[in-house]
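In our numbering, the protein residues as written are 324 to 404.
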């Protein structure tokens, strides 16, 4: 008679173990805090960049010459001569 071969069954504990489970909770908390800080810094940087661009457009519009304003006008000024 043949002997039955038993296949080793994987342990359920090992397969359920994730990287999150292996990392120290304090380290995980520290990484999450750092992630939040980086997000806040990125949002602040984007807000400052947007503000700078708005200010730049405003100054450019303020310093336009009469010729530039006339060229941008949608009215046909030749009709009013």
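Built from N, CA and C at the ideal position, the CB exists for glycine as well.
Worksheet item: Can residue 343 and residue 351 be called in contact, C-beta distance under 8 Å?
Response: Taking the first residue of the chain shown as position 1, residue 343 is located at position 20. Taking the first residue of the chain shown as position 1, residue 351 is located at position 28. In contact: residue 343 and residue 351 (Cβ atoms closer than 8 Å).
Fill in: Reduced DSSP secondary structure (H/G/I, E/B, other) of residue 398
Here the question's residue 398 lines up with position 75 in the chain shown. Three-state result, residue 398: coil.
Worksheet item: Straight-line CA distance for residue 340 to residue 362?
Response: Taking the chain shown and counting its residues from 1, one reaches residue 340 at position 17. Taking the chain shown and counting its residues from 1, one reaches residue 362 at position 39. So the two alpha carbons sit approximately 29 Å from each other.
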